[in-house]
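Quick notes on the structure that follows.
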Amino acid sequence: MPSHAKYRTATLLGSGGFARVFSASREDTSITYALKVPFSEEVMPGALARMRREIEVQKTLEHPHVMPILDAGDEGDWFVMPLATGDLEHLATSGRVRKDNHALIENIIKEVASGLQSAHDHGFVHRDVKPQNILLLPCEDDPNEARWVIADWGVVRRPAGQTTMLTKQQGSIFYTFNYSAPEMFSETTRATAAADVFSLGRVALRLLTDSDMNFDDLPEGPWRDWIKICTQSEAGRRPQGMAEAIAQLERRLRPRGGGVTREIQARLNEEGDQVSIETWQLISENADNTFVYKEVVKTSRATAFALGSHFPDQAQALCEGWSGCIMKDFLGGDGFARYDTGILWILDVVRGMISGRHYMNAEGAAKVMFEVDNERNQFFTQGRILDWLSELDQPADEYIVRALQDSGRAYWYKGHRTTMTSALIQDELNS
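Here's what the structure looks like:
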């Protein structure tokens, strides 16, 4: 007789990658629960281990927005949870969670993020955040109240030293293409909290659009901006945890008096040359804001160099967003001074990237620099960039040559008779 025989199972509620969930009740109570039982090892190898992992994590967290475990088998071969009203996918499809109800969607995202932050604080990464794993639990004391919880922790990544490698077959079963971060398909055991941030951003996209999750259907506004930054393909360019992600959402939905420019201005004044990663993240998210740009170019060359050296992903995003701002400086009557400053500020960022050996980032930022510099064909900035090119050597020269080629602007530098240290760059300028 199975150890969960004290529960009378009634209805199969659903099946997942490694277990089935039944409605169940006990003889000594009238309450209906959800009973989760793994598939047999013959049907799904590793199912029992995943259930034990799920029990371990959910008992460790004990957070109001993490699905609680009420009872479990001594061998970890079953467990009992409260019976949910439904999962988020079903509730969205049925119209109970409408895409125009932004207040409800904000509440869902924040409650789920709260549960995930608790997991991250304990060193866990969920790795399978999706609407089907977000459930609505009615409150015991008031049936008119409910809370959102994150469930299904069977593929959780545990802290370093406790992880196990998923096989390719298991990965194809347990990860959901529409919601899993790109790194989940190559380095599953190295996934960080940023992978859950990506997935939660995709959940928000699902709730705010139709089920086809077309980003282009999102209107311009704070939600679109937030989802875009959360679902960057490179993990380092996303918020690195739920607290940061929700802080960014809050800033977008409710900008402080004076807006983001004043906040950045205050941060830069307070932090001086030691600009924090949080400030650079905020700046890079508003890289196409001309007023933000005008504040940032006032900072020192040493600040630009440190940004490229220490925070290359934010630096590249900032440079890529600045091209339009620099051109507005030139065309808007602000003169050549700040236009030149903007170009040379990016040059110092690229120098910092190369110093920190962030060559791919340097290539992307340098491409922007070449394109914008040559758009207006100013001899002063071209001369400064040419001096820098003449000093470059391996291995950075390979990446910068590609940036020259991709920008299509190498010809602007060919008229100068400067001798290059790098044979690659010399050949490119002589070609």
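Residue numbering for the sequence shown follows this note's numbering, starting at 51 and increasing by one per position. Each residue gets a CB set at the ideal place from its N, CA and C atoms; glycine is no exception.
- Taken atom to atom, the span from the alpha-carbon of Met117 to that of Ala316 is near 41 Å.
- CA-to-CA, the gap between Gly402 and Ile296 works out to about 30 Å.
- The C-alpha of Met419 lies about 48 Å from the C-alpha of His113.
- Counting every other CB atom within 10 Å of its CB across the protein chains shown gives Arg304 a total below 16, marking it as exposed.
- The C-beta of Leu120 has fewer than 16 other C-beta atoms within 10 Å across all chains shown, which makes the residue exposed.
- For the options Leu85, Ala69, Glu195, His115, the alpha carbon positioned closest to that of Arg100 is the one of Ala69.
- The C-beta distance from Met292 to His170 rounds to 6 Å, short enough to meet the 8 Å contact threshold.
- Classified as exposed, Gln444 has fewer than 16 neighbouring CB atoms from the shown chains inside 10 Å of its CB.
- In the three-state reduction of the DSSP assignment, Met131 falls in the strand class.
- Taking 8 Å as the upper bound for CB-CB distance, Ala337 and Ala365 are not in contact here, some 10 Å apart.
- In this structure, the CA atom of Val399 is about 30 Å from the CA atom of Met234.
- Counting only unbroken stretches of 3 or more residues, the beta strand (DSSP E) elements lying wholly within the segment 74 to 98 are 82 to 88, in sequence order.
- Between Glu139 and Arg197, the C-beta gap is not smaller than 8 Å, which leaves the two residues out of contact.
- For the pair of segments examined, the segment 102 to 109 was found to touch the segment 122 to 135: the number of CB pairs separated by less than 8 Å reaches three.
- In the structure shown, the three-state DSSP call for Asp137 is strand.
- Sequence-distant Cβ neighbours of Ile404 in its own chain, meaning closer than 6 Å and more than five residues away, are Ala412, Ala446.
- Residue state for Pro269 is assigned as coil, using DSSP reduced to three classes.
- Relative to the Cα of Ala142, the nearest Cα in the group Lys180, Leu111, Gly371, Ala245 belongs to Lys180.
- Contact between Arg177 and Val206 holds, with the beta-carbon distance rounding to 6 Å and staying under 8 Å.
- DSSP places Ala285 outside any alpha helix (DSSP H), giving it a letter other than H or E.
- The segment 325 to 333 makes contact with the segment 344 to 362: 3 or more CB pairs, one atom from each, lie closer than 8 Å.
- Beta bridge pairing from DSSP links Ile200 with Val116, Ile184.
- In this chain, Leu255 is not harboured by any beta strand (DSSP E); it is covered by the alpha helix (DSSP H) spanning 243 to 258.
- The C-alpha of Lys278 lies about 47 Å from the C-alpha of Arg58.
- In the DSSP secondary-structure assignment, Leu62 is bridged to Phe72.
- Beyond the five residues adjoining it in sequence on each side, Lys109 comes within less than 6 Å, by CB distance, of Ile119 in the same chain, given in chain order.
- Note on the segment 317 to 387: whole alpha helix (DSSP H) runs with a minimum of 4 residues are 327 to 335, 340 to 346, 351 to 360, 362 to 381, in chain order.
- Residue environment analysis places Ile81 among the exposed positions, since fewer than 16 neighbouring C-beta atoms fall within 10 angstroms of its C-beta.
- The Cβ neighbour count for Gly271, taken over all protein chains shown within 10 Å, is under 16; the residue is labelled exposed.
- At least 8 Å separates the beta-carbon of Ala244 from that of Arg302.
- In the DSSP secondary-structure assignment, Val175 is bridged to Arg207.
- Separation of Leu185 and Gly414 (C-alpha to C-alpha, rounded to the nearest whole angstrom) is 42 Å.
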